[in-house]
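The structure under discussion appears below in the form of structure tokens.
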Amino acid sequence: MTTPLYSIPGAPQPAAVAAPAAAAAGTAVDGARTVNEVLAVSQVEAVMDELDRDLIGLAPVKQRIRDIAALLVIDKLRANLGLAREGRSSAPSLHMCFTGNPGTGKTTVALRIAEILHRLGYVRKGHVVSVTRDDLVGQYIGHTAPKTKEVLKRAMGGVLFIDEAYYLYRPENERDYGQEAIEILLQVMENNRDDLVVILAGYKDRMDTFFRSNPGMSSRIAHHIDFPDYAGAELLQIAERMLAGQHYRFGDGAREAFAEYLERRMRQPHFANARSVRNALDRARLRAASRLFADRDRVLTEADLTTIMPADILASRVFQASAS
Ligand SMILES: Nc1ncnc2c1ncn2[C@@H]1O[C@H](COP(=O)(O)OP(=O)(O)OP(=O)(O)O)[C@@H](O)[C@H]1O
Ligand SMILES: [Mg+2]
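Reminder that position 114 of the sequence shown reads as 113 in numbering that gives the first Met the number 0, one-by-one numbering, no gaps.
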């Protein structure tokens with residue numbers, strides 16, 4: 000699973016590149032003739048390894064990203080040999096659609112993709128501008144175009160991430176300004192695709208409906224990636240990863256308590272995968288702090304200050320009989 004996809008048996012290891020290659024990648028990659036040369040200069044594999052390591056589960060998503068990266072590396076090598084690219088434009092279409100329920104990692108993965116695109120020289124800066132309908136669409140006539148263009152200006156050189164993109168289209172309202180934003184987006188997605196990648200995100204069923212009514216948008220999206228819900232065991236691993244990142248850990252029995260918490264919480268409405276895990280841990284840390292705060296004369300050890308106890312979790316509303 001974690002074996003690098005690009006290790007070619009017998010191939011010499013690429014020389015380590017000292018400086019973060021990101022800034023120079025665009026130009027340095029231009030002379031490359033082997034996959035390893037592109038990888039060594041761009042250091043793109045480091046980002047993919049990080050993605051593998053830092054993100055729990057998501058196996059199909061990780062695989063798709065490796066496939067896209069492979070496509071881009073080969074595209075670079077083809078361009079370096081002067082081979083014509085498909086179609087009239089010089090850049091491959093990289094616009095994407097991420098579908099999945101809340102908290103399944105879409106924003107997190109978008110940030111990594113932006114980094115990969117940047118290292119391979121497909122975008123100049125590699126930043127992500129995350130927006131929703133309200134950032135693009137105005138309330139009054141004449142307000143939408145400047146709003147959308149301002150956002151596009153900020154996103155140029157990176158990734159424009161449009162969360163719940165389907166809200167741009169409101170068929171029930173004949174004069175909806177969302178249509179204006181969509182038209183501007185379509186133009187820029189076509190004309191500036193060498194320097195801007197658009198990622199549309201949201202629930203799968205709503206996105207499908209949106210694409211059916213907006214075939215122009217659908218035809219410009221090259222990659223559709225579906226983010227599955229996490230299994231209980233994955234959520235538990237995510238929780239441990241998040242805690243470790245904040246210098247906390249589960250004390251005796253707390254892991255089991257959290258597993259029980261998850262089992263209940265997953266059955267409740269508005270469960271949002273890893274986001275719910277993060278929120279639950281925030282509340283557990285709050286309770287842990289109150290617990291320690293109550294005993295004012297006690298010398299607090301490092302263990303005291305870093306341990307989540309079962310009580311910090313079991314006090315959640317989720318464990319009350321009438322919990323809703
Ligand atoms: N596979 C994972 N491993 C570890 N942490 C994860 C994973 N997926 C998500 N997270 C964490 O969970 C939180 C929510 O993830 P993220 O914001 O990427 O999800 P999202 O799909 O964009 O959600 P939303 O729809 O709510 O915006 C973040 O703090 C992120 O770091
Ligand atoms: Mg998000």
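We put the beta carbon where it would ideally sit given N, CA and C, even for glycine.
{"query": "Val46 vs Ile224 beta-carbon contact at 8 Å", "result": "no"}
{"query": "heavy atom of ligand 1 below 7 Å from Asp162 C-beta", "result": "yes"}
{"query": "Residue from Thr33, Ile64, Arg77 whose Cα sits closest to the Cα of Leu93", "result": "Ile64"}
{"query": "Any non-hydrogen atom of ligand 2 closer than 7 Å to Thr98 Cβ", "result": "no"}
{"query": "Backbone secondary structure at Ser212 - three-state DSSP", "result": "helix"}
{"query": "Arg316 in three-state terms, based on DSSP", "result": "helix"}
{"query": "Lys152 Cβ short of 7 Å to ligand 2 heavy atom set", "result": "no"}
{"query": "Of the listed residues Leu234, Phe318, Phe97, Ser41, nearest to Ala221 (C-alpha basis)", "result": "Phe97"}
{"query": "Assigned exposure category for Ala39 - 16 Cβ within 10 Å defines buried", "result": "buried"}
{"query": "Rounded straight-line distance, which links the Cα of Leu242 to that of His269", "result": "23 Å"}
{"query": "Asp207 (DSSP reduced to helix, strand or coil)", "result": "helix"}
{"query": "Inter-residue Cα distance where the pair is Leu151 and Asp51", "result": "31 Å"}
{"query": "Ile181 vs Leu159 beta-carbon contact at 8 Å", "result": "no"}
{"query": "Integer Cβ distance of Gly102 from Asn272, believed to fall under 8 Å", "result": "4 Å"}
{"query": "Closer than 7 Å: Gly231 CB and nearest ligand 1 heavy atom", "result": "no"}
{"query": "Sub-8 Å separation of Met188 and Arg211 beta-carbons", "result": "no"}
{"query": "8 Å contact criterion, which Arg132 and Gly177 should meet: CB distance rounded", "result": "7 Å"}
{"query": "Continuous alpha helix (DSSP H) stretch holding Gly177: start and end", "result": "177–190"}
{"query": "Alpha carbon of Gly125 to alpha carbon of Glu44, nearest angstrom", "result": "16 Å"}
{"query": "Contact belief for Thr208 with Arg248 at Cβ below 8 Å, rounded distance in angstroms", "result": "Between Arg248 and Thr208 the Cβ distance is about 44 Å, and since that is not below 8 Å, they are no contact."}
{"query": "The beta strand (DSSP E) enclosing Leu159, as first and last residue numbers", "result": "158–162"}
{"query": "Other residues of its chain near Glu262: CB distance less than 8 Å, five sequence neighbours each side excluded", "result": "Gly231"}
{"query": "7 Å CB neighbourhood of Lys75 in its chain, flanking five on each side removed", "result": "Val28, Ala31, Val37, Leu119"}
{"query": "Which of helix, strand or coil DSSP assigns to Ile140", "result": "coil"}
{"query": "Nearest neighbour of Glu179, chosen from Leu199, Asp194, Lys148 [CA to CA]", "result": "Lys148"}
{"query": "Distance, Glu114 Cα to Val128 Cα", "result": "13 Å"}
{"query": "Where the beta strand (DSSP E) containing Ile55 begins and where it ends", "result": "Neither: Ile55 is in no beta strand (DSSP E) and is coded neither H nor E."}
{"query": "For Ile312 and Ala253, believed in contact at Cβ under 8 Å, the rounded distance", "result": "6 Å"}
{"query": "Which listed residue (Asp194, Gln236, Ala58) has its alpha carbon closest to that of Arg277", "result": "Gln236"}
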